[in-house]
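Using this note's numbering, you'd call the opening residue of the sequence shown number 313 and step up by one each time. Heads up, the thing below is written out as structure tokens.
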Amino acid sequence: MDVEPGLVLKLLLDGRLKLVLALDIIEFSCLFTSRVCIFLFSYKEMFMKSMSF
313 MDVEPGLVLK
323 LLLDGRLKLV
333 LALDIIEFSC
343 LFTSRVCIFL
353 FSYKEMFMKS
363 MSF
């Protein structure tokens, strides 16, 4: 099997890029979800307080 070193490097870089992108997306979605949860929780607390008056 004859493979060019440049091609292997390109494939490795593509793989790393995809991995980094996937990790970024996962991290972003986790951050986004936690933000939304915090927002909903605080909104619910405010709503409960306003209902109790």
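Here a beta-carbon is modelled for each residue, glycine too, at the ideal position from N, C-alpha and C.
Just reading off the alpha helix (DSSP H) that residue i is part of, what are its end residues?
| i | result |
| --- | --- |
| Asp326 | Pro317 to Ser364 |
Using a Cβ-Cβ distance cut-off of 8 angstroms, determine whether residue i contacts chain C.
| i | result |
| --- | --- |
| Val315 | Absent here is chain C; the protein component of the structure consists of one chain. |
Near residue i, what residues of its chain come up, given a Cβ to Cβ distance below 8 angstroms and the 5 sequence neighbours on each side ignored?
| i | result |
| --- | --- |
| Tyr355 | none |
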